[in-house]
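Residue numbers (our numbering), protein chains in the order written: chain Y, 1 to 112; chain R, 1001 to 1110.
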Amino acid sequence: KAGVTQTPRYLIKTRGQQVTLSCSPISGHRSVSWYQQTPGQGLQFLFEYFSETQRNKGNFPGRFSGRQFSNSRSEMNVSTLELGDSALYLCASSFLPQETQYFGPGTRLLVL
Amino acid sequence: ELKVEQNPLFLSMQEGKNYTIYCNYSTTSDRLYWYRQDPGKSLESLFVLLSNGAVKQEGRLMASLDTKARLSTLHITAAVHDLSATYFCAVDVGNTPLVFGKGTRLSVIA
């Protein structure tokens, strides 16, 4: 069974630009969560989606948004990038919410 | 607000020695997870602990849960270099998002 895939794997952007990250969950998984990982703040929760509905949202500014499609694939978007948005963005999927989450390889975003 | 604290945050172990990583959390939990992360890589699920007294073992790693003390431990037996990684505990409470500890960076040296 294929794991969680994320694209792109690496991304370099400049301040003020926007970026869209994509996540394809494990086949059959309908719950997708996004996390931001930085050395200073650790792993911080961004969003959780289940059956195209956002169940939870973390404490991030409105520049961070996401969505889930009918095939359970998910995207997150960050507008007006800031230097502090440089991080590893991890996507995780599970069959249902509150089950073990399986993480993708992450997208490493560098904002210059 | 749920708080999850791990200690130690950094651990340097000699090969062959035993050690324990602690994970304390602040509110009643539905389940507790342990993950491993290798440098530059993603998180790998190790264990999920569902009830008080639960114990799971895989190779040289053993995890346990004491819900009354709000404490989980990850015990490492006879450490080997391949266990060098960062270990995270994460706590699940109701319909709220998973909350991760800051991680314990383990380095096993010869």
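We treat Cβ as the ideally placed atom computed from N, Cα and C, and that holds for glycine.
Between the alpha carbons of Q41/Y and G84/Y, how many angstroms are there, rounded?
Here residue 41/Y is taken as the residue at index 41 of the first sequence, counted from 1. Here residue 84/Y is taken as the residue at index 84 of the first sequence, counted from 1. The straight-line gap separating the alpha-carbon atoms of Q41/Y and G84/Y is approximately 11 Å.
With hydrogens ignored, establish whether the beta-carbon of L1009/R is closer than 7 Å to any heavy atom of the ligand FAD.
Of the ligands one can find in the structure shown there are none, so the ligand FAD has no counterpart to examine.
Which one or two residues does DSSP pair with V78/Y in a beta bridge?
In the first sequence, residue 78/Y corresponds to position 78, counting from 1. V19/Y and F64/Y.
Could you tell me whether the Cβ atoms of L1106/R and S1072/R are closer together than 8 Å?
Within the second sequence, numbered from 1, the residue matching residue 1106/R stands at position 106. Within the second sequence, numbered from 1, the residue matching residue 1072/R stands at position 72. No, these two residues do not count as a Cβ contact at 8 Å.
Examine the Cβ distances between the stretch 1002-1012 of chain R and the stretch 1093-1100 of chain R and report whether three or more of them are shorter than 8 Å.
In short, these stretches touch, since the Cβ pair count reaches three.
Check this for me: beta carbons of L1036/R and A1085/R, under 8 Å apart or not?
As a working note, residue 1036/R is residue 36 in the second sequence. As a working note, residue 1085/R is residue 85 in the second sequence. Before going further, note that residue 1036/R is Arg rather than Leu in the sequence given. Contact flag set, yes.
Contact between the stretch 1073-1084 of chain R and the stretch 97-104 of chain Y (3+ Cβ pairs under 8 Å):
With the cut-off at 8 Å, the stretch 1073-1084 of chain R and the stretch 97-104 of chain Y do not touch.
Name, in chain order, the residues that DSSP records as bridge partners for G42/Y.
Walking along the first sequence from the start, residue 42/Y turns up at place 42. Answer is T38/Y.
Return the residue from the list S70/Y, E52/Y and V78/Y that minimises the CA-CA distance to G62/Y.
Working through the first sequence from its first residue, we reach residue 62/Y at position 62. Out of S70/Y, E52/Y and V78/Y, the CA that lies nearest to the CA of G62/Y is found in V78/Y.
State the Cα-Cα distance for the pair S51/Y and S86/Y, rounded to the nearest angstrom.
Here the question's residue 51/Y lines up with position 51 in the first sequence. Here the question's residue 86/Y lines up with position 86 in the first sequence. About 29 Å.
Just the C-alpha distance for T20/Y and T7/Y, rounded to the nearest angstrom, thanks.
Taking the first sequence and counting its residues from 1, the one referred to as residue 20/Y is at position 20. Taking the first sequence and counting its residues from 1, the one referred to as residue 7/Y is at position 7. Between the alpha carbons of T20/Y and T7/Y lies a distance of about 9 Å.
Across which residues does DSSP place L110/Y in a beta bridge pair?
Within the first sequence, numbered from 1, the residue matching residue 110/Y stands at position 110. Answer is I12/Y.
Closer than 8 Å by beta-carbon distance: list the chain R residues that pair up with Y102/Y, in chain order.
Along the first sequence, read from residue 1 onward, the residue named residue 102/Y stands at position 102. Chain-ordered, the chain R residues with CB closer than 8 Å to the CB of Y102/Y read S1045.
Cross-chain neighbours of Y1019/R in chain Y, by beta carbon under 7 Å
Within the second sequence, residue 1019/R is the residue found at index 19, counting from 1. Those do not exist, as Y1019/R stays about 21 Å from chain Y at its closest Cβ, beyond 7 Å.
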